[in-house]
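Quick notes on the structure that follows.
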Amino acid sequence: MRALEPESLAEVVFSDIFEVKLADKTKVRGCFTWWKRTRHILGLAFEYHMRAELVTNALQTLSFAVPSAIFHSDQGKQFGAESTRTLLLEKGFQLSMSRAGTPTDNGFAERFVGLFKLAVAERCSYQTLGEFLRAAQDWVQFYNAIRPHESLAYRSPDQFALEHGLPAAPSITLF
């Protein structure tokens, strides 16, 4: 795997794992994939654990392929697991990981985690996993279809994609 050099790359898909607590203090882990060019959330999965299966489940929810994209993550063991690497290569990704102990190398993913937590996870106290998943799914649809992004000249990811002849992300189902 190679280190990411952002200024030299056209297509990058970022990913990371994060943790959310439900009202009863149950920990739920999420993994997402996010396309840098359009700012689309391409895939999202939640589990009660942090094994490689969490990452491979998120990869299985990818709504479409980003040809010749680099898949960039931190150095978490879930991303370095053989099952994850194999699936990424099968999907045509080039693999890239941040330098050890350097979260700024995966800054786009870190920023997305903060935004998701603020907009969904910390917005209210979810009594059940189903309640949380419904809120997360609704927000992902809003994020991809409606939410304007300064970096996209205040267009949503879907609007930006349409204007540039790129695919819009289909709905993501979380339950």
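First residue of the sequence shown? That's 1432 in our numbering, and the numbers climb one at a time after it. Note that the Cβ used here is the ideal one computed from N, Cα and C, for glycine as well. Since the model is a prediction, treat every value here as computed from it, not as a measurement.
Item                                                                                                                                                             : Value
Using only alpha-carbon positions, find the residue among L1593, E1594, A1454 that is nearest to T1559.                                                          : A1454
Can you find the residues in the same chain that come closer than 7 Å, C-beta to C-beta, to E1438, ignoring five residues on each side of it along the sequence? : Because E1438 carries a pLDDT of 45, less than 50, the predicted location of this residue cannot be relied on, and the following value inherits that uncertainty. Taken in chain order, the list of residues that qualify is empty.
Grouping DSSP H, G and I as helix and E and B as strand, with all else coil, what is R1530?                                                                      : coil
Could you tell me the alpha carbon to alpha carbon distance between Y1479 and A1531, rounded to whole angstroms?                                                 : 25 Å
Restricting to runs no shorter than 4 residues, where is the alpha helix (DSSP H) found entirely within the segment 1454-1510?                                   : 1483-1491
When we look at the beta-carbon of K1467 and count the other beta-carbons within 10 Å, is it buried (16 or more) or exposed?                                     : buried
Going by the CB atoms, is the gap between A1540 and Q1509 shorter than 8 Å?                                                                                      : no
What's the call for R1475, buried or exposed, on a 16-neighbour Cβ count within 10 Å?                                                                            : For the record, residue 1475 in the displayed sequence is Leu; it is not Arg. Flag for L1475 reads buried.
Give the secondary structure of A1434 by DSSP, where H, G and I count as helix, E and B as strand, and everything else as coil.                                  : At A1434, the pLDDT of 47 sits below 50, so the modelled position is not reliable; the number obtained from the coordinates is stated separately. Coil at A1434, not helix or strand.
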